[in-house]
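Novice: Residue numbers (our numbering), protein chains in the order written: chain A, 8 to 143; chain B, 8 to 143; chain C, 8 to 143.
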Amino acid sequence: MAVHAGLLRTSTPGSGAVVDLTEGHGDRSPGGVQHGVVTVFASGATVAVTTIEHEPGAVADLQALLDRLIPAAAEYEHNARNHDTNAHAHLRAALIGPSESIRSSAARSPSDLQQVVLLDFDDRPRDRAVTVHVVS
Amino acid sequence: MAVHAGLLRTSTPGSGAVVDLTEGHGDRSPGGVQHGVVTVFASGATVAVTTIEHEPGAVADLQALLDRLIPAAAEYEHNARNHDTNAHAHLRAALIGPSESIRSSAARSPSDLQQVVLLDFDDRPRDRAVTVHVVS
Amino acid sequence: MAVHAGLLRTSTPGSGAVVDLTEGHGDRSPGGVQHGVVTVFASGATVAVTTIEHEPGAVADLQALLDRLIPAAAEYEHNARNHDTNAHAHLRAALIGPSESIRSSAARSPSDLQQVVLLDFDDRPRDRAVTVHVVS
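1) Go ahead and label C:Leu98 buried or exposed: buried means 16 or more other beta carbons lie within 10 angstroms of its beta carbon, across all protein chains shown.
2) Using C-beta distances below 6 Å, list every residue in its chain close to C:Pro20, excluding the 5 sequence neighbours before and after it, in chain order.
3) From which residue to which residue does the beta strand (DSSP E) around C:Glu82 run?
4) On a CA-only basis, which of B:Ala81, B:Glu62, B:Pro78 is nearest C:Arg88? Give me that one, please.
5) Going by Cα to Cα distance, which pick from C:Leu14, C:Val123, C:Thr138, C:Asp130 is closest to C:Val26?
6) Can you tell me where the alpha helix (DSSP H) holding C:Asp68 begins and where it ends?
7) Look up C:Arg88 in the DSSP assignment and say whether it is helix, strand or coil.
8) In the DSSP assignment, find the alpha helix (DSSP H) that holds A:Arg99 and state where it starts and stops.
9) Can you tell me the Cα-Cα spacing of C:Ala67 and C:Gly23, whole angstroms?
10) Can you pull out the residues from the segment 64-89 of chain A whose beta carbon lies closer than 7 Å to at least one beta carbon of chain B?
11) What first and last residue would you give for the beta strand (DSSP E) that runs through A:Arg135?
12) Exposed or buried, which one is A:Asp134 when buried takes at least 16 other CB atoms within 10 Å?
13) Here's a check: name, in chain order, each residue in its chain whose Cβ is nearer than 6 Å to the Cβ of B:Tyr83, leaving out the five neighbours to either side.
14) Can you give the Cα-Cα distance for B:Gly104 and A:Leu76, rounded to whole angstroms?
15) Give a yes or no on whether 9 Å exceeds the smallest Cβ distance from C:Thr92 to chain A.
16) Under 9 Å, Cβ to Cβ, is there at least one residue of chain A near B:Phe128?
17) What is the DSSP secondary structure of A:Gly23, counted as helix, strand or coil?
18) Please report how far the alpha carbon of B:Thr138 lies from the alpha carbon of A:His90, in whole angstroms.
19) Using C-beta distances below 6 Å, list every residue in its chain close to C:Ser18, excluding the 5 sequence neighbours before and after it, in chain order.
20) What residues of chain D sit near B:Thr19, judged by a beta carbon separation below 9 Å?
21) Name the chain B residues whose beta carbon is nearer than 8 Å to that of A:Val142?
22) Considering only the alpha carbon of each residue, which of B:His11, B:Ile59, B:Ser108 lies closest to C:His85?
23) Checking contacts by CB at 9 Å: is B:Arg35 closer than that to chain A?
24) Looking at the C-beta of B:Val137, does it have a partner C-beta in chain C at a distance below 9 Å?
25) Might you give, ordered along the chain, the residues of its own chain that have their beta carbon closer than 8 Å to the beta carbon of C:Ala12, omitting 5 neighbours on each side?
26) Tell me, to the nearest whole angstrom, how far the beta carbon of B:Ala101 is from that of B:Arg16; I am working on the premise that it is less than 8 Å.
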């Protein structure tokens with residue numbers, strides 16, 4: 008068995024951007040991993056990781072859902088105490104969570120429309136680091 | 008140390024079915040694992056994994072909660088763009104996420120009423136594959 | 008490569024308590040881990056694990072959010088069937104999930120305000136066990 012670790016870096020516009028971490032990898036795993044289980048972790052308290060069918064409709068629906076459940080414009084203690092504006096981003100990130108572990112692509116069906124995505128909830132553009140860790 | 012991987016296959020009725028992945032395993036781990044940490048991942052964009060006390064009340068409450076937070080009958084871009092009907096299933100799956108990592112059963116208390124469950128949100132019966140990966 | 012496993016024990020007041028699992032560890036990893044990926048799992052059906060900036064505002068906002076989305080005082084099947092009072096705790100735990108996998112602290116920035124937290128939703132004080140598992 009073997010362990011491989013890597014770091015993906017990506018710049019996002021924030022504001023709920025849904026970034027496909029598997030895009031551009033022919034095998035549809037973050038980091039191009041061929042076998043095993045891939046653990047994906049996003050650093051930062053206003054960013055989250057999940058899976059979704061990354062098509063414009065589902066992406067728009069997910070953004071609308073989170074805008075409805077956790078509105079940006081409500082009153083929040085985090086904003087009041089810290090003279091900040093992104094409490095909603097912290098809450099959305101905590102609810103969804105920063106990590107998922109997925110089966111690597113070599114064992115997956117090409118017809119499986121389930122991409123690993125980074126959700127950047129902060130209210131400004133951010134540079135993000137995603138740790139990809141494989142045990143195979 | 009060792010790594011073990013397996014695949015569970017299960018057929019579900021969909022429509023929010025909550026399937027106990029530990030049922031029938033005397034040691035209450037998916038796949039019958041004895042030691043270590045077990046990572047469970049469900050393939051598919053309309054399915055999720057979490058833990059719950061798998062009794063009829065909590066299961067019904069979880070289904071009712073998701074029906075309330077993410078109704079099936081609302082207007083969704085995914086449905087409009089793709090002539091589809093299961094946008095709510097995609098959103099519920101993305102919110103809960105496709106994976107969890109749990110302590111294997113040998114180290115757990117028999118009185119611990121916390122089962123690993125697959126949630127199938129699609130609006131039709133589905134055959135599902137769950138990857139179980141153990142590092143011990 | 009190596010695998011390390013440990014168990015953290017903590018007592019909480021319940022009622023939505025948000026316990027920083029990294030507190031007191033200079034390197035800000037649960038269990039004092041230096042390298043690799045750390046998987047954190049909380050045992051129990053009314054407890055969850057996520058990450059958040061552990062400051063009083065964000066913590067209060069997360070508690071208020073869950074009180075709003077999943078009120079304690081609503082009618083629940085779990086409570087009716089089991090003469091119980093903590094159905095909301097089961098639902099909150101299932102929604103957030105019991106595990107996350109994070110990059111260990113040695114590789115993280117000291118300015119990264121993202122702590123691993125245990126959320127205890129039960130409606131009474133509890134003793135909790137958290138499994139920490141590292142592959143490095």
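Glycine included, every Cβ here is placed at the ideal spot set by N, Cα and C. Note that the structure is a prediction, hence the values are computed from the model and not measured.
Specialist: On the basis of the data shown:
1) Counting C-beta atoms within 10 angstroms of its own C-beta, C:Leu98 has 16 or more neighbours from the protein chains shown and is therefore classed as buried.
2) Pro132
3) Neither: C:Glu82 is in no beta strand (DSSP E) and is coded neither H nor E.
4) B:Glu62
5) Selected option, being the one with the closest Cα: C:Val123.
6) 63-76 is the extent of the alpha helix (DSSP H) around C:Asp68.
7) helix
8) 94-103
9) 10 Å
10) Gly64, Ala65, Ala67, Asp68, Leu69, Leu72, Leu76
11) Segment 133-142, the beta strand (DSSP E) holding A:Arg135.
12) exposed
13) Excluding sequence neighbours, B:Tyr83 sits near Ala94.
14) 17 Å
15) no
16) Chain A contact via Cβ: absent.
17) coil
18) 45 Å
19) Asp134
20) Absent from the structure: chain D. Protein chains present are A, B and C.
21) Val10, His140, Val142
22) B:Ile59
23) With a pLDDT of 47 at B:Arg35, under the threshold of 50, the modelled position of this residue cannot be trusted, and the question is left open.
24) By this cut-off, B:Val137 is not an interface position.
25) Cβ neighbours of C:Ala12 beyond the five flanking positions: Thr138, Val139, His140, Val141.
26) Rounded, the Cβ-Cβ distance is 23 Å, inconsistent with contact.
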